[in-house]
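Since the structure comes first, as C-alpha cells, the remarks are kept for the end.
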Amino acid sequence: MSKKRWLALGAAIILFLMSTVAGVFTSQTTDQIRGLDNNLFTSEETNFSEKIIKNGTNLGKIVVLDVNGAIVDSGDVESMFTSPQYNHRQFLKMIEKAGEDDSVKGVILRVNSPGGGVAESAEIHHKLTTFKEEHNKPLYVSMGSIAASGGYYIATPADKIFASAETLTGSLGVIMQGMNYSELAEKLGVEIQTVKSGQYKDLLSPYREMSEQEREILQSMVNNSYQGFVNVIAEGRDLTKQEVREIADGRIYDGRQALELNLIDQYGYFDDVVDAMKNDEELGDVKVVQYTDDFSFGSLFSVSANKIIRQNTDLELLQLFTQPNAPRLMYLYTK
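Taken in order, the sequence shown gives residues -22 to -1, 1 to 313; the numbers are from mature numbering (1 follows the signal peptide of the UniProt record, and there is no 0).
Structure (C-alpha cells):
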C-alpha cells in the first residue's frame, strides 16, 4: 500500500481516538448538565428532539423514524465507521416514545439501509410489533434508495410499505463471514499458537482452514436465523412460508420486482407516504415531525473518520483493522 494511504489510515485512527475521547467528554458534560437542570434532560428516554418537517393545522402529529445506515448496535466498533448516523439504542427509545405520546397519530419508518445484525434487526422488529399491538397506531414504511436484508426485515410489521421503482430491496437471507489469514501468516513466518478448552472454541478462526464439522455447525445457525426471516415475511406480508422461500434466496430486487412479488404495497416517495397516511387514517392536516439525535463532538469526528477512510484506504485493509474479530450473523446486503 502506498505511503499516502498509510498516512490516510493513520489520520483515520487518530480521528477515531479523538471521537472516543470526545464521546466520553460529552457524556460527562451531559451528566453534569442533568445534575444542574433536570428540566433540560428529564430522562434517557427523552434525550432527543423533534424537528418539524411539515406544519399542520390539526391537532396531533405523524412521527418519522429514520433508519439510515447499517443496523448495528452503537457499542460495536464497526458502527463508528459504517453507520455513524444510526444509534440503535436511541432508536429503540424513539419507538417507545412514539407509542406513549398520545399526540402521535401514526409513525412513518423511513428506511435507507443495507441491513445489519440479526440480533439488532430482530430487536427493532419486536419493538415495532409491540408498538402496534399496545398502541394501535398505524405504521407505514417509506423505503429510500436501499432497504435490503435487515432493512426489509424491520419493515415487515408495517401496515403498508412504499418504495420507488428504483429502490433496491430484497437480499432476503443470512450471511456470516470471516477472513482467513493462514497463508499470509505462513508467508510472513508468523506461527499462531492457540490454547483452547474445547474442540470448537476457535470456531471460524482466521488463522486456519475451517473443517466440515465446523461448517455444519455454523450452517445450522444460519439456517435458524433464515427461518426466522422467512417467518416474519410470511406473517407480515400474508404469504405462505413456501412462497417466501422461493423468493428469499439472497438475490436483490428493484421496486418493480418487489411490487410484483408482494414485498411492497405500492410505489411512492416520502411525501406520497405522508399523504397516504393522512388520507387512509383520516388524520387531516396534522404536522409531521422527525425524532432526531442530539449532536455531539463525537459524532462529528466519527463522520470525518468515515469519510477519510472511504476515500483513501483499501476496503480490505479497513475491514481488517476495524471489524471485531468475532464473526456475526448478519441480515446484510453485501458482496
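We treat Cβ as the ideally placed atom computed from N, Cα and C, and that holds for glycine.
Bear in mind that the values here come from a model prediction, so they are computed numbers and not experimental data.
Coarse secondary structure for residue i, derived from DSSP in three states
| i | result |
| --- | --- |
| Leu87 | strand |
| Thr270 | strand |
| Lys115 | coil |
| Asn209 | helix |
| Met72 | helix |
| Tyr245 | strand |
| Ser123 | strand |
| Asn25 | coil |
| Asp258 | helix |
| Thr147 | strand |
| Thr20 | Residue placement at Thr20 is flagged as unreliable, the pLDDT there being 38, under the threshold of 50; the coordinate-derived value follows with that caveat. Looking at Thr20 - three-state DSSP - the assignment turns out to be coil, as it is neither helix nor strand. |
| Gly38 | coil |
| Val251 | helix |
| Leu106 | helix |
| Asn46 | strand |
Closest by C-alpha distance to residue i, when choosing among the options
| i | options | result |
| --- | --- | --- |
| Val200 | Asp227, Thr218, Leu217 and Ala212 | Asp227 |
| Tyr64 | Ser160, Gly95 and Ile170 | Gly95 |
| Phe140 | Asp253, Asp243 and Glu259 | Asp243 |
| Asp250 | Ser120, Gly148, Ile153 and Tyr231 | Ser120 |
| Gln68 | Val266, Glu161 and Ile102 | Ile102 |
| Thr35 | Lys71, Lys265, Leu196 and Ser189 | Lys265 |
| Val42 | Asp80, Asp137, Val85 and Val168 | Val85 |
| Lys110 | Thr134, Ile124 and Gly122 | Thr134 |
| Arg215 | Leu241, Ser203 and Ala125 | Leu241 |
Beta-carbon proximity list for residue i, same chain, < 6 Å, skipping 5 on both sides
| i | result |
| --- | --- |
| Ser99 | Ile49, Gly128, Tyr131, Ile132 and Tyr309 |
| Val45 | Val89 and Ser91 |
| Thr172 | Asp180 |
| Ile225 | Leu239 |
| Asn16 | Its pLDDT being 37, under 50, Asn16 is placed unreliably by the model, and nothing is read from it. |
Contact with chain C by residue i, beta-carbon distance below 8 Å
| i | result |
| --- | --- |
| His104 | Of the chains in the structure shown, none is chain C; there is only one protein chain. |
N- and C-terminal bounds of the beta strand (DSSP E) containing residue i
| i | result |
| --- | --- |
| Tyr309 | Met308 to Leu310 |
| Tyr159 | No beta strand (DSSP E) contains Tyr159, which DSSP labels as neither H nor E. |
| Met128 | Checking the sequence, you will find Gly at residue 128 rather than Met. Unbroken run through Gly128 is the alpha helix (DSSP H), Gly128 to Tyr131; no beta strand (DSSP E). |
| Gly228 | Gly228 -> no beta strand (DSSP E), and no H or E assigned at all. |
Residue i, buried or exposed, once every other Cβ within 10 Å from all chains shown has been counted against 16
| i | result |
| --- | --- |
| Lys256 | buried |
| Ser142 | buried |
| Lys165 | exposed |
| Ser27 | exposed |
| Gln177 | exposed |
| Arg193 | exposed |
Delimiting residues of the alpha helix (DSSP H) encompassing residue i
| i | result |
| --- | --- |
| Ile139 | Looking at the DSSP string, Ile139 is not in any alpha helix (DSSP H); the run it does join, the beta strand (DSSP E), is Lys138 to Ala141. |
| Ile225 | Lys219 to Ile225 |
| Gly233 | Gly233 to Glu238 |
7 Å Cβ shell around residue i - same chain, five flanking residues per side excluded
| i | result |
| --- | --- |
| Ala136 | Leu87, Leu117, Tyr118 and Val119 |
| Val210 | His103, Tyr131 and Thr134 |
| Tyr185 | Tyr159, Ser160, Ala163 and Ile170 |
Spatial neighbours of residue i in its chain, beta-carbon cut-off 8 Å, leaving aside the 5 residues before and after
| i | result |
| --- | --- |
| Gly246 | Ser120, Phe140, Ala141, Ser142 and Ala254 |
Residue i: CB within 7 Å of a non-hydrogen atom of the ligand ADP
| i | result |
| --- | --- |
| Glu238 | Absent from the structure shown: the ligand ADP. Ligands present: none. |
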